[in-house]
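Colleague: Respectively, the protein sequence lines represent chains A and B.
For the first sequence, counting from 1, position 327 maps to 327 in this note's numbering; every step adds exactly one.
For the second sequence, counting from 1, position 96 maps to 96 in this note's numbering; every step adds exactly one.
C-beta: ideal position from N, C-alpha, C; glycine also.
Computed from a predicted structure; not experimentally measured.
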Amino acid sequence: MTDLSAIRAEAARLRAEFEAAGAEPVETSVLQPAEVLLDLYGEDIRARAYVTSDALRGEQMLRPDFTVPVVQMHMEHGAEPACYTYSGKVFRRQEDDPARASEYFQAGFEIFDRQNPAAADARVFSLFYNMLSHMSLRASTGDIGILMAAVEGLKTTDRRKVALRRHIWRPKRFRALIDRFSGRTPVPESRAELLQIDDPLACAGPMIGLRNWDEISHRISVLREDAKANPISSEEVRLIDSVLSVQGSSDRSLEALRDIAVVMPSISPAVDRLATRLEAISASGIDLSKLDFEASYGRTQMEYYDGFVFGFYAENRSDLPAVASGGRYDALTRQLGRGKEIPAVGGVIRPGLVVALGGAR
Amino acid sequence: MSLKIGVPSKGRLMEKTFEWFGERGVELGRSGSDREYSGFVQGVENVELILLSAGEIPRELAAGRVHLGVTGTDLVREKLGRWETQVEEIAELQFGFADLVLAVPAAWVDVGTLDDLDAVSAAFRLNHGFRLRIATKYHRLVRDFLRENGVADYQLVDSQGATEGTVKNETAEAIADITSTGDTLRANHLKTLEDGLVLRSQATLFRCLSTPMDLDEKTAWVKLQEMLALG
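(1) Note down, in chain order, every chain A residue with its Cβ under 8 Å from the Cβ of proline 105 (chain B).
(2) Could you tell me the alpha carbon to alpha carbon distance between glycine 352 (chain A) and alanine 103 (chain B), rounded to whole angstroms?
(3) Among all the DSSP beta bridges, which residues are the ones paired with aspartate 143 (chain A)?
(4) Which residue spans inside the segment 101-140 of chain B form an unbroken alpha helix (DSSP H) run of at least 4?
(5) Keeping to the same chain, check which residues put their C-beta closer than 7 Å to that of tyrosine 305 (chain A); ignore five residues upstream and five downstream.
(6) Would you report the Cα separation of phenylalanine 128 (chain A) and histidine 134 (chain A), rounded to the nearest angstrom?
(7) Do you know how far the Cα of glutamate 35 (chain A) is from the Cα of threonine 184 (chain B)?
(8) Counting Cβ pairs closer than 8 Å, one from the segment 158-170 of chain B and one from the segment 108-126 of chain B, do we hit at least three?
(9) Could you say which of A:Pro200, A:Gly108 and A:Val124 lies nearest to tryptophan 108 (chain B) if we only look at CA atoms?
(10) So, are the CB atoms of leucine 332 (chain A) and serine 296 (chain A) less than 8 Å apart?
(11) Quick one: grab the DSSP three-state call for serine 5 (chain A).
(12) Just the chain B side, please: which residues come within less than 7 Å of aspartate 96 (chain A) by C-beta, in chain order?
(13) So, are the CB atoms of threonine 136 (chain B) and alanine 98 (chain B) less than 8 Å apart?
(14) Taking just the CA atoms, how far does tyrosine 154 (chain B) sit from isoleucine 178 (chain A)?
(15) Return the first residue and the last residue of the beta strand (DSSP E) that tyrosine 86 (chain A) is part of.
(16) In terms of residue numbering, what span does the beta strand (DSSP E) encompassing arginine 200 (chain B) cover?
(17) Taking the Cβ atom as the reference point for each residue, do threonine 28 (chain A) and proline 64 (chain A) lie within a distance shorter than 8 Å?
(18) Serine 190 (chain A) CB to nearest chain B CB: under 8 Å?
(19) What's the call for arginine 211 (chain A), buried or exposed, on a 16-neighbour Cβ count within 10 Å?
(20) Using only alpha-carbon positions, find the residue among B:Leu100, B:Leu93, B:Gly96 and B:Leu68 that is nearest to glutamine 86 (chain B).
(21) Quick check on aspartate 121 (chain A): buried or exposed, where buried means 16 or more other Cβ atoms within 10 Å of its Cβ?
(22) Residues in the same chain with beta-carbon distance under 6 Å from phenylalanine 293 (chain A), minus the five sequence neighbours each way, listed in chain order, please.
(23) With distance defined between alpha-carbon atoms, name the residue in A:Ile146, A:Asn116, A:Leu14 and A:Asp3 nearest to leucine 257 (chain A).
(24) Just tell me which of B:Arg207, B:Ser121, B:Leu230 and B:Thr211 has its CA closest to the CA of glutamate 89 (chain B).
(25) Along the chain, where does the alpha helix (DSSP H) containing glutamate 255 (chain A) start, and where does it finish?
(26) Along chain B, which residues have their Cβ under 7 Å away from the Cβ of isoleucine 220 (chain A)?
What follows is the structure, given as structure tokens:
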């Protein structure tokens, strides 16, 4: 067992470094209102939150991370621009691997700034990069925004775009949708039958449950409309695939994406943003030819991130989760801001892993 | 010490298990009155029968309190994290068949596949302001299955019994439960999804991997394997 006091000390040291980098220290409660916040997390964190309740406040959960409560705090009464740091324990139920901790420390850093998102991305990333440079970790980066732009630019119905965008974080379902919208997989039999019947509700039998006839007939009309839509062309599918397969050093990946953008102009603004970010990262002294980029990075684990994403991993220790990870989460501020929004980027380091890997100072 | 074998303490599962062992020359039975949960083993030396509720057997196996156990594949996979590192499947016993399936109201004529369920979940969340509820007691299995298939915007609600009734009672919109014939589902105006088979389960003999056997137990295990014509 790693010494808890060593981890606590490392967490405090990391937070002090974040403070020295200009962040204001903040605290959040361990107990968070479950109902509102749970909905914002991806399925995985949601299923792993410890939920409890008290008679006065109703359902509460032990915070599974800091980002959501910090965003909430900022959206309620933060001044702009803002930069915060925190450290403390987060709690996540482990269901499969007894070796993984169900409570562990995080030390984090978040920037809320609408002036220059690329510079904020670079500031967060280079700070993490430098703080972890003595540990010879492998850095991975990606950009969810490019795939989102690629989806946005498809010549297809808005409904199909919404469906694809919703599943950017679930590669398998995303692929299944692309295959169906492009006509590569046939329409399921049950769907084909349904579309042939004039009044499918006539022989539906008794209705039970909350979902009502209106919702069903609305969906049937949506399906009828969708059946008339043209398939996504194989050319466009090929382009999406080529965006997804971009991987290599950051400078080469940028070139590859620029090439794709020539025939897929919809991703140009997102690729420009990547270029600006890389320039800023390079200006902070990081060699782009040695910085990995993967267009599909972060699609499975990075729940609420919707732009730049990054993670730092111990080489040859695929058994360990990321030592540090983070990214841009503009949409989350929109969801929590009730009409307000602010571009935001941040990340966390896990002091426990830093100590375990011998990187504590 | 003696080799301990955990067997369901009542009902068809118990009877069928006794039958299965009996056909192979190992007689298992309950001793004393019907209410007393103790048993006997005849035909092989140094094997002890422990009667347990089928639901407890996975944990007893994982903890090493029984060396062998008969229970459903569904219960082992639901109750044990990384089950394959904790127990080993020795033999499928060819009874106690049950499928864990996802089911929705039969009136949902627009829903036939997981793909539909996912789309309906998204719309449901928009219309009702909360995530579509799936009632089940198999949280781990159902969550893993839905994650694997990329279904989103649902929530699992716990239901430890009469799960088929939850939709009518409006405490859930869909269910995931064990069925063998589908009669109960139909009677409750539910239908299964075409690709909604989460797991095929049957009664299975498992062996605990975590606790090593001592010499006596090993001897009994070798003899038992011979009699049961295993491996």
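Modeller: Result, derived from the coordinates:
(1) Met207, Ile208, Gly209 and Arg211
(2) 43 Å
(3) A:Phe308
(4) 114-128
(5) Taken in chain order, the residues that qualify are Ile144, Gly298, Gly327, Arg328 and Tyr329.
(6) 11 Å
(7) Taking C-alpha positions only, threonine 184 (chain B) is separated from glutamate 35 (chain A) by approximately 33 Å.
(8) no
(9) With distances taken between Cα atoms, tryptophan 108 (chain B) lies closest to A:Pro200.
(10) At a Cβ-Cβ threshold of 8 Å, leucine 332 (chain A) and serine 296 (chain A) do not count as neighbours.
(11) helix
(12) Gly81 and Arg82
(13) no
(14) 22 Å
(15) 82-91
(16) 190-201
(17) no
(18) Residue contact with chain B for serine 190 (chain A): present (Cβ-Cβ distance below 8 Å to some residue of chain B).
(19) buried
(20) B:Leu68
(21) buried
(22) Thr141, Ser250 and Ser253
(23) A:Ile146
(24) B:Arg207
(25) 250-263
(26) Proximity of chain B to isoleucine 220 (chain A) at the Cβ level (cut-off 7 Å) is accounted for by Asp110, in chain order.
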